[in-house]
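What follows is a single structure, written as structure tokens, with notes after it.
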Amino acid sequence: MTGLRVLTVDDSRTILAMLHHTLSNAGFKVLQAEDGKQGLEVLKSESVDVVITDINMPVMDGIEFIKNVRASGHYQSLPILILTTETSQDKRDQGKAAGGTGWIVKPFDPDKLISVIHRVVH
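Written out as structure tokens, the structure reads:
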């Protein structure tokens with residue numbers, strides 16, 4: 047299935063570029079933001095099917111971003127995947143408590159990422 051709209055939120059331009067390349071080649075429409083605050087702005091004007099967010103970002107980190115998204119009644123069931131270098135159980139627990147749907151450790155495998163997106167959207 048193609049045409050899914052994916053918002054990627056990461057302060058690394060390299061990761062954003064890699065995500066854009068991987069996801070657009072898989073047929074997804076990709077929207078991007080460089081921190082959680084910018085991600086919330088995108089969500090105000092665009093509808094998306096899934097969000098992929100980093101944890102460690104300036105301005106608003108991924109945990110706060112997820113909490114803000116979940117606080118909006120409009121996005122209670124939106125799948126939010128956390129893509130991060132963090133591997134600690136504490137961070138995973140924080141991500142899940144905030145409302146994260148899944149956890150992927152960087153560097154990501156493009157095929158696995160696409161597979162996970164399809165799984166969480168259905």
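With our numbering applied, the sequence shown covers 47 to 168. Glycine included, each C-beta is placed from N, C-alpha and C at the ideal position.
Inset, instruction - Assign Ala144 to one of two classes, buried (16 or more other C-beta atoms within 10 Å of its C-beta) or exposed (fewer than that). - result: When all chains shown are included, Ala144 counts as buried.
Inset, instruction - Enumerate, from N- to C-terminal direction, the unbroken beta strand (DSSP E) stretches of 3 or more residues contained entirely within the segment 101-131. - result: 126-130
Legend entry - Val52 vs Val94 beta-carbon contact at 8 Å: yes
Inset, instruction - Note down the Cα distance separating Ala79 from Leu86, rounded to an integer number of angstroms. - result: 9 Å
Inset, instruction - Determine the closest residue to Ser91 out of Thr68, Arg116, His120, with distance taken between C-alpha atoms. - result: His120
Inset, instruction - Indicate the three-state DSSP secondary structure (helix, strand or coil) for Gly85 in the structure shown. - result: helix
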